[in-house]
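Worksheet for the structure shown next.
2 protein chains.
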Amino acid sequence: MVQFVSVSKILDLVNKHGVENVLKGMTEYVEQDYRRWPLFDKTPRVASHSKVGVIELMPTSDGELYSFKYVNGHPKNTKEGKQTVTAFGMLADVDTGYPFFLSEMTVLTALRTAATSVMAAKHLARPDSKTMAIIGNGAQSEFQALAFKAVMGITNLRLYDTDAEATEKCAANLDGKGFTITICRSSEEAITGADIITTVTADKQKATILTDNMVGSGVHINAIGGDCPGKTELHKDILLRSKIFVEFPEQTRIEGEIQQLDDDYPVVELWEVITGGAEGRTSERDITLFDSVGFAIEDFSGLRYIYDLVKQDETTQDLEMIAEPADPRNLFGLLEVKQAAE
Amino acid sequence: MVQFVSVSKILDLVNKHGVENVLKGMTEYVEQDYRRWPLFDKTPRVASHSKVGVIELMPTSDGELYSFKYVNGHPKNTKEGKQTVTAFGMLADVDTGYPFFLSEMTVLTALRTAATSVMAAKHLARPDSKTMAIIGNGAQSEFQALAFKAVMGITNLRLYDTDAEATEKCAANLDGKGFTITICRSSEEAITGADIITTVTADKQKATILTDNMVGSGVHINAIGGDCPGKTELHKDILLRSKIFVEFPEQTRIEGEIQQLDDDYPVVELWEVITGGAEGRTSERDITLFDSVGFAIEDFSGLRYIYDLVKQDETTQDLEMIAEPADPRNLFGLLEVKQAAE
Numbered sequence: 001m002v003q004f005v006s007v008s009k010i011l012d013l014v015n016k017h018g019v020e021n022v023l024k025g026m027t028e029y030v031e032q033d034y035r036r037w038p039l040f041d042k043t044p045r046v047a048s049h050s051k052v053g054v055i056e057l058m059p060t061s062d063g064e065l066y067s068f069k070y071v072n073g074h075p076k077n078t079k080e081g082k083q084t085v086t087a088f089g090m091l092a093d094v095d096t097g098y099p100f101f102l103s104e105m106t107v108l109t110a111l112r113t114a115a116t117s118v119m120a121a122k123h124l125a126r127p128d129s130k131t132m133a134i135i136g137n138g139a140q141s142e143f144q145a146l147a148f149k150a151v152m153g154i155t156n157l158r159l160y161d162t163d164a165e166a167t168e169k170c171a172a173n174l175d176g177k178g179f180t181i182t183i184c185r186s187s188e189e190a191i192t193g194a195d196i197i198t199t200v201t202a203d204k205q206k207a208t209i210l211t212d213n214m215v216g217s218g219v220h221i222n223a224i225g226g227d228c229p230g231k232t233e234l235h236k237d238i239l240l241r242s243k244i245f246v247e248f249p250e251q252t253r254i255e256g257e258i259q260q261l262d263d264d265y266p267v268v269e270l271w272e273v274i275t276g277g278a279e280g281r282t283s284e285r286d287i288t289l290f291d292s293v294g295f296a297i298e299d300f301s302g303l304r305y306i307y308d309l310v311k312q313d314e315t316t317q318d319l320e321m322i323a324e325p326a327d328p329r330n331l332f333g334l335l336e337v338k339q340a341a342e
Numbered sequence: 001m002v003q004f005v006s007v008s009k010i011l012d013l014v015n016k017h018g019v020e021n022v023l024k025g026m027t028e029y030v031e032q033d034y035r036r037w038p039l040f041d042k043t044p045r046v047a048s049h050s051k052v053g054v055i056e057l058m059p060t061s062d063g064e065l066y067s068f069k070y071v072n073g074h075p076k077n078t079k080e081g082k083q084t085v086t087a088f089g090m091l092a093d094v095d096t097g098y099p100f101f102l103s104e105m106t107v108l109t110a111l112r113t114a115a116t117s118v119m120a121a122k123h124l125a126r127p128d129s130k131t132m133a134i135i136g137n138g139a140q141s142e143f144q145a146l147a148f149k150a151v152m153g154i155t156n157l158r159l160y161d162t163d164a165e166a167t168e169k170c171a172a173n174l175d176g177k178g179f180t181i182t183i184c185r186s187s188e189e190a191i192t193g194a195d196i197i198t199t200v201t202a203d204k205q206k207a208t209i210l211t212d213n214m215v216g217s218g219v220h221i222n223a224i225g226g227d228c229p230g231k232t233e234l235h236k237d238i239l240l241r242s243k244i245f246v247e248f249p250e251q252t253r254i255e256g257e258i259q260q261l262d263d264d265y266p267v268v269e270l271w272e273v274i275t276g277g278a279e280g281r282t283s284e285r286d287i288t289l290f291d292s293v294g295f296a297i298e299d300f301s302g303l304r305y306i307y308d309l310v311k312q313d314e315t316t317q318d319l320e321m322i323a324e325p326a327d328p329r330n331l332f333g334l335l336e337v338k339q340a341a342e
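Each protein sequence line maps, in turn, to chains A and B.
Going left to right, the first sequence walks through residues 1 to 342 as UniProt numbering numbers them.
Going left to right, the second sequence walks through residues 1 to 342 as UniProt numbering numbers them.
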């Protein structure tokens, strides 16, 4: 039997444990897996492109557990009242090849993305950081805000979106959750005095959310929105002034902000900072940039965390996805056994 | 909502419609998709290997529908009372990226493999074929026999397996289903007088089920068991005397019988025979060989067929796998809506 976690179930779980606790717990799981990064199978994602979007499969394995995520990206869906991104994922046992856990991952992806962002910022931002600008106030923004509060104690938020309604929605969702929120009218206003700048816009094209002269020394930039070929958020000159940290260079050079740079431009792998093999921030004046595109290992961590939360839970659904004939050679016999049982 | 078909449900469906009718219907769907072969996205499968087995994802798309199959291969599972191969698969809408159909595929893979075999044999074997040898009488064997009966009217079977119990199991399962069955004590005995030879053994190593002097002119060989690097069933000399037909050369040269031949050894793509672009059998004396390894498009056909059978069926299970916030930008709002509803 495969244990299934629906959207409703994951919402219940997050509410039951508290979203900040879940984000904190998931950040620990992501960090655990970053610490053993070299262990993982790092296959590039497999993409099937069409004129209107992309469907991707993102597998990985640590040699004991195997996971994959199915995820689509269809920017035009929003106009039809559908999600741009939907996702589900699975865990399987490497030793038998049997899948055992299936989960929705639309909500889970928002949680693991926020957990990964704050895990990176914990290692890269100035320790005295107090204020975060969030540019792009769509579906991911509240999860980012709450993760940075839960893990780093960031409570001052400066919000900006080209769509004022998105900002209002974000501010309303975060109301009463312990933040001091400033609604801003431009990116420039939003980043004034910010220690951390999170860019999480959704346009599927080259955009320049931040230009070079806007970004002062000492900030940490958490760049999430640029995550496919042709989609970037930052002006190239900011990249050239920053220390750049990435998940998996082979993927980030195609999908991240650094697609604007030469293929051999030096970048640092985040896991090496976390395990102490590479330097992160070395001065208060450094601009650090986490050029995040999302990687399969983070989905693995997210699934592993949720599975640990639910595995003792009797309210999840069991799916009969695996045929279990008494004699493995006698698959056909199942047909007659089933008929006889009717 | 995603419509889910469990193992029990698929057994019920096959019993309700009759296994021969299902095999006949699926053969038509496989042939339809072979006729529009160039349309499909032909990504190689993505494999994650461990010491004891492999887990693979096999995606494809015709531009309207997207499918993938998850499948493992763990030969040692049988000793632990588990299946060597388990599988499940999914259909999604290319236009929105939304998945809508999830099915077990252990049983479905056996059905689509048999459907593909007989579809190939219909185009390649001598039209007057009456007798089939089946060497290897494990989990796939009955499905092969019934497909060849349903589509080509083959009712004379000659069975052989190194494990006599497997042969007894196969013969017992096919008893009363309109076959004349001869149980044989060797491969050589099994193929005597056979018009079609099906080899479907499971050893994960180079084996020589058939040697060259055993195979006479005019036969069609349906070679299913050799399907991964290092696993073959036929002696190289048989290959050199045969006209070889394959699903997708890039994959078959790695996984099929032809891994024993040079990389540029001429083979014919099966879809070209079916669309009339290439010659199949040209004489009664040709030895034709379908070197089958299984390809994603066949899973696509199998899922498409089963979906058409079940889509009107109210007894399937709906899974809430996709988050559907009223406002797509307000994923976070789902948490509060859910809490308020408790």
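Glycine included, C-beta positions come from ideal geometry on N, C-alpha and C.
Strictly below 9 Å CB to CB, what residues from chain B border residue i?
i, result
"Asp299 (chain A)", "Correct list: empty, because the minimum Cβ distance to chain B is about 14 Å."
Quick check on this structure: which residue in the options has the alpha carbon closest to the alpha carbon of residue i?
i, options, result
"Asp93 (chain B)", "B:Val2, B:Val273, B:Asp263", "B:Val2"
"Ser117 (chain B)", "B:Ile55, B:Val246, B:Phe40, B:Tyr98", "B:Val246"
"Ala190 (chain A)", "A:Thr211, A:Leu157, A:Val219, A:Leu319", "A:Leu157"
"Ser48 (chain A)", "B:Glu56, B:Glu104, B:Glu314, B:Gly63", "B:Gly63"
"Ile209 (chain B)", "B:Ile224, B:Gly218, B:Ser217, B:Ile254", "B:Ile224"
"Asp161 (chain A)", "A:Ile154, A:Thr155, A:Lys169", "A:Lys169"
"Lys130 (chain A)", "A:Ala121, A:Asn137, A:Ile238, A:Trp271", "A:Ala121"
"Val85 (chain A)", "A:Val54, A:Ala147, A:Leu65", "A:Val54"
"Thr201 (chain B)", "B:Gly216, B:Glu257, B:Gly138", "B:Gly138"
"residue 390 (chain B)", "B:Ile181, B:Val219, B:Gln317", "Because residue 390 (chain B) is not part of the residues shown, which for chain B are 1 to 342, the question remains open."
"Leu234 (chain B)", "B:Asp212, B:Leu270, B:Ile322", "B:Asp212"
"Val71 (chain A)", "A:Gln83, A:Ser61, A:Leu65", "A:Gln83"
"Ser242 (chain A)", "A:Asn77, A:Val268, A:Val310", "A:Val268"
"Thr27 (chain B)", "B:Leu13, B:Val151, B:Asp163", "B:Val151"
"Leu102 (chain A)", "A:Leu108, A:Leu111, A:Ala110, A:Leu91", "A:Leu91"
"Val30 (chain B)", "B:Asn77, B:Asn21, B:Arg112", "B:Arg112"
"Arg285 (chain B)", "B:Glu320, B:Leu124, B:Val46", "B:Leu124"
"Pro328 (chain A)", "B:Gly81, B:Glu104, B:Asp263, B:Lys149", "B:Gly81"
"Gly230 (chain A)", "A:Leu240, A:Val215, A:Phe248, A:Ile258", "A:Ile258"
"Gly73 (chain A)", "A:Tyr66, A:Gly89, A:Glu56", "A:Glu56"
"Pro75 (chain A)", "A:Phe179, A:Ser50, A:Leu319, A:Thr192", "A:Ser50"
Could you list which residues in chain A have their beta carbon closer than 7 Å to that of residue i, in chain order?
i, result
"Pro59 (chain B)", "Val46, Ser48, Leu57"
"Asp12 (chain B)", "Lys338"
"Glu329 (chain B)", "A small fix is needed here, since residue 329 (chain B) is Arg in this sequence, not Glu. Within 7 Å Cβ-Cβ: Gly138, Ala139, Ala166, Lys169."
"Tyr66 (chain B)", "Ser48, Ile55"
"Phe245 (chain B)", "Those within 7 Å of Phe245 (chain B) in chain A number zero; the least Cβ separation is about 26 Å."
"Asn213 (chain B)", "Going along chain A, no residue has its Cβ under 7 Å from Asn213 (chain B), so there is no contact; the nearest lies around 30 Å."
"Asn173 (chain B)", "Phe332, Gly333"
Determine the chain B residues that contact residue i at a beta-carbon separation under 7 Å, and present them in chain order.
i, result
"Arg112 (chain A)", "Simply none; closest approach about 13 Å."
"Asn15 (chain A)", "Leu335, Lys338, Gln339"
"Ser142 (chain A)", "The sequence shown places Glu at residue 142 (chain A), rather than the Ser named in the question. Here the neighbours are Phe332."
"Glu250 (chain A)", "Result: empty, since nearest Cβ-Cβ is about 15 Å, beyond 7 Å."
"Lys177 (chain A)", "Correct list: empty, because the minimum Cβ distance to chain B is about 11 Å."
Which residues of chain A have a Cβ atom closer than 8 Å to the Cβ of residue i, listed in chain order?
i, result
"Ser6 (chain B)", "Leu319, Glu320, Met321"
"Gln3 (chain B)", "Chain A residues near Gln3 (chain B): none, gap ~12 Å exceeds 8 Å."
"Thr84 (chain B)", "Pro328"
Please report the Cβ distance between residue i and residue j, rounded to the nearest whole angstrom; I am assuming they are in contact, meaning their Cβ atoms lie under 8 Å.
i, j, result
"Val5 (chain A)", "Ile287 (chain A)", "Not really, about 39 Å apart at Cβ, beyond 8 Å."
"Ile135 (chain A)", "Ala145 (chain A)", "Not confirmed; about 12 Å, so no contact."
"Ala296 (chain B)", "Pro127 (chain B)", "The Cβ separation is near 30 Å, so there is no contact."
Which chain B residues are close to residue i, counting only those with a beta carbon under 8 Å from its beta carbon?
i, result
"Asn72 (chain A)", "Ala92, Thr96, Gly97, Tyr98"
"Asp41 (chain A)", "Ser48"
"Glu104 (chain A)", "Glu320, Met321, Ile322, Ala323"
"Asn77 (chain A)", "Thr96, Gly97, Pro328"
List, in order along the chain, the chain A residues whose C-beta lies closer than 9 Å to that of residue i?
i, result
"Gly53 (chain B)", "Val94, Asp95, Thr96, Gly97"
"Gly18 (chain B)", "Ordered by position in chain A, no residue passes the 9 Å Cβ test against Gly18 (chain B), which lies about 10 Å from the chain."
"Gly225 (chain B)", "Correct list: empty, because the minimum Cβ distance to chain A is about 14 Å."
Every unbroken alpha helix (DSSP H) within the stretch 221–257 of chain A, with a cutoff of 4 residues, ordered by chain: Within the stretch 221–257 of chain A, the complete alpha helix (DSSP H) runs of at least 4 residues fall at 236–241, 249–255.
Alpha helix (DSSP H) runs contained entirely in the stretch 133–165 of chain B, provided each spans 4 or more residues: For the stretch 133–165 of chain B, whole alpha helix (DSSP H) runs of length 4 or above, ordered along the chain, are 141–152.
Any 3 or more C-beta pairs closer than 8 Å across the stretch 107–121 of chain B and the stretch 85–101 of chain A: Contact fails: fewer than three Cβ-Cβ distances are below 8 Å.
Whole runs of the alpha helix (DSSP H) within the stretch 261–307 of chain B, excluding any shorter than 4 residues: The alpha helix (DSSP H) runs of length 4 or more contained entirely in the stretch 261–307 of chain B are, from start to end of the chain, 270–274.
Stretch pair the stretch 293–313 of chain A + the stretch 27–41 of chain A: three plus CB contacts closer than 8 Å: Yes, the stretch 293–313 of chain A touches the stretch 27–41 of chain A.
Ordered list of beta strand (DSSP E) runs contained in the stretch 33–63 of chain A, each at least 3 residues: If only complete runs of 3 or more residues are kept, the stretch 33–63 of chain A shows the beta strand (DSSP E) at 46–49, 54–61, in order along the chain.
Any 3 or more C-beta pairs closer than 8 Å across the stretch 309–316 of chain B and the stretch 252–261 of chain B: At 8 Å Cβ cutoff, the stretches do not touch.
Contact the stretch 163–183 of chain B vs the stretch 326–341 of chain A: 3+ CB pairs below 8 Å: Yes, the stretch 163–183 of chain B is in contact with the stretch 326–341 of chain A.
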